[in-house]
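Shown next, in structure tokens, is the structure this report addresses.
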DNA sequence: GTCTATATCCGGATAGAC
DNA sequence: GTCTATCCGGATATAGAC
């Protein structure tokens, strides 16, 4: 009673658990697990324990694990699109790219998480087809954003690089993705080295060269 | 009977399966599965089917899955050390690096396999500790080789890059690793773009720029 | 070294009460 | 919307025959 005042017009109705949105909490926990352990190494039980609910409660919100997986990737994509809208307000392309780097640093510092693309790429052949399709879309959007940003930066003069912008785009994306994984095996400073080198090569000076 | 003539002095004795070395065949199948699906997404059953033996036969050679995993990573490392010895005969560091690239192209063409480091990094937190330790060693050796090679190339004049050789080393390693994963989601040509860009930046001209 | 058979456990999933 | 209870299949692992 009365918790309806909080979000009565919300599309998703709230449950009995103190007005919290269980679906979203499930997604949050699952996202953490996905980036830490991978899709095939987390279970509904992991999430259930973390949320203090039972296994079946999660099945109510996401009948099959595949549904949860697809929802996760869709949410990544929506969040990315929202992120683009925000950072598009920034004029300078190099600053935009640094904001992109920042999201990876956040992953690194959040207990050395991998980026979604890295997890989905690595587990690709052990993923349900519906997830693969979503993953392709997510990767494509990242790629296209990166190309646009590089071309803008080159035009603005804030970035320099030789070769084609789409080649450079994949190189940067791959380095960031691989860098997070290497950091797990060889320490977080490895990722900062990647950032330092990418920055140095793009601008002629390292913004991360304090080490 | 009589199959003992084939490898009677071998440390590992042959089984009854036509003189073939089952342990090695298990490792081969497991390696394929590891790079395709990841450690947590393959089972003894996968291997058993592929080899035409029963589940229990594999447990005879590798009592626990962890034993198999550790053996796999150890073999990667031994193979890498052997590979180094061979390619060290090549004088030119840039040629050595191209040989290194070639091993990744082989992964890509072998049904879009990931590199071991990518798999082990992504699944790191869902791996037995013994495997993690081996994985760290494997990564370290790759890293150190890359640094040596870059420094040699720079001294020889066959490679150019700005910044520190150890930063550049991680950047290259990360880009290769991430590139293979991206290729799964966005097509093999993405990996070739990474190679093209890396080559262009190291030598001033792309050896892979035919596209 | 490999087999059959089996034990055990875990993860995904459903039914029906509350 | 969450619970208890249960089912099912798959995966790791072991025992003992051949």
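Chains as they are written, first to last, in our numbering: chain F, -5 to 205; chain D, -5 to 205. Using N, Cα and C, we set each Cβ at its ideal position, and we do this for glycine too. The structure presented is a predicted model; accordingly, all values stated were derived computationally and were not measured.
Proximity of residue i and residue j at Cβ, strictly below 8 Å
{"i": "residue 24(F)", "j": "residue 66(F)", "result": "yes"}
{"i": "residue 29(F)", "j": "residue 96(F)", "result": "no"}
{"i": "residue 184(F)", "j": "residue 177(F)", "result": "yes"}
{"i": "residue 53(F)", "j": "residue 20(F)", "result": "no"}
{"i": "residue 170(D)", "j": "residue 98(D)", "result": "yes"}
{"i": "residue 112(D)", "j": "residue 174(D)", "result": "yes"}
{"i": "residue 120(D)", "j": "residue 31(F)", "result": "yes"}
{"i": "residue 60(D)", "j": "residue 122(D)", "result": "yes"}
{"i": "residue 172(F)", "j": "residue 167(D)", "result": "yes"}
{"i": "residue 182(F)", "j": "residue 83(F)", "result": "no"}
{"i": "residue 70(D)", "j": "residue 27(D)", "result": "no"}
{"i": "residue 68(D)", "j": "residue 18(D)", "result": "no"}
{"i": "residue 87(F)", "j": "residue 146(F)", "result": "yes"}
{"i": "residue 187(D)", "j": "residue 160(F)", "result": "yes"}
{"i": "residue 137(D)", "j": "residue 163(D)", "result": "yes"}
{"i": "residue 81(F)", "j": "residue 153(F)", "result": "no"}
{"i": "residue 49(D)", "j": "residue 33(D)", "result": "no"}
{"i": "residue 192(F)", "j": "residue 165(D)", "result": "yes"}
{"i": "residue 210(D)", "j": "residue 64(D)", "result": "Missing from the structure shown is residue 210(D); chain D here goes from -5 to 205 and no further."}
{"i": "residue 200(F)", "j": "residue 157(D)", "result": "yes"}
{"i": "residue 139(D)", "j": "residue 78(D)", "result": "yes"}
Boundaries (first-last residue) of the alpha helix (DSSP H) holding residue i
{"i": "residue 22(D)", "result": "16 to 31"}
{"i": "residue 117(F)", "result": "Counting along the chain, residue 117(F) falls outside any alpha helix (DSSP H), and DSSP gives it neither H nor E."}
{"i": "residue 82(F)", "result": "Neither: residue 82(F) is in no alpha helix (DSSP H) and is coded neither H nor E."}
{"i": "residue 160(F)", "result": "159 to 180"}
{"i": "residue 147(D)", "result": "123 to 150"}
{"i": "residue 188(D)", "result": "183 to 197"}
{"i": "residue 43(D)", "result": "38 to 45"}
{"i": "residue 49(D)", "result": "49 to 55"}
Closer than 7 Å: residue i CB and nearest the ligand ATP heavy atom
{"i": "residue 178(F)", "result": "Judged by which ligands are present, the structure shown has none, so any question about the ligand ATP falls away."}
task = Mind checking the region 23 to 34 of chain D against chain F and listing, in chain order, the residues whose C-beta falls within less than 7 Å of any C-beta there?
result = Within the region 23 to 34 of chain D, contact with chain F at the beta-carbon level (separation under 7 Å) is assigned to 30, 31, 32 and 34.
task = For the region 156 to 171 of chain F, enumerate the residues whose C-beta is nearer than 9 Å to any C-beta of chain D, in chain order.
result = Cβ contacts with chain D come from 156, 157, 158, 160, 161, 162, 163, 164, 165, 166, 167, 168, 169, 170 and 171.
query = Listed from N- to C-terminal order along the chain, which residues in the region 134 to 157 of chain D have their beta-carbon within a distance smaller than 9 Å of any beta-carbon of chain F?
reply = Cβ contacts with chain F come from 134, 137, 155, 156 and 157.
message = Counting only Cβ-Cβ distances shorter than 8 Å, please list the residues of the region 56 to 72 of chain F near chain D, keeping chain order.
response = Under the 8 Å Cβ criterion, the region 56 to 72 of chain F contributes no residue.
task = Give the residues from the region 108 to 124 of chain D that approach chain F closer than 8 Å (Cβ to any Cβ), ordered along the chain.
result = Within the region 108 to 124 of chain D, the residues whose Cβ lies closer than 8 Å to some Cβ of chain F are 108, 111, 112, 113, 114, 115, 116, 117, 118, 119 and 120, listed in chain order.
query = What residues from the region 88 to 106 of chain D come within 9 Å of chain F, judged by C-beta to C-beta, listed N to C?
reply = Along the region 88 to 106 of chain D, going in chain order, the ones with a CB nearer than 9 Å to a CB of chain F are 105 and 106.
task = Please name the residues in the region 172 to 194 of chain F whose beta-carbon is closer than 7 Å to at least one beta-carbon of chain D, in chain order.
result = Result list: 172, 173, 175, 176, 178, 179, 180, 184, 187, 188, 190, 191, 192 and 194.
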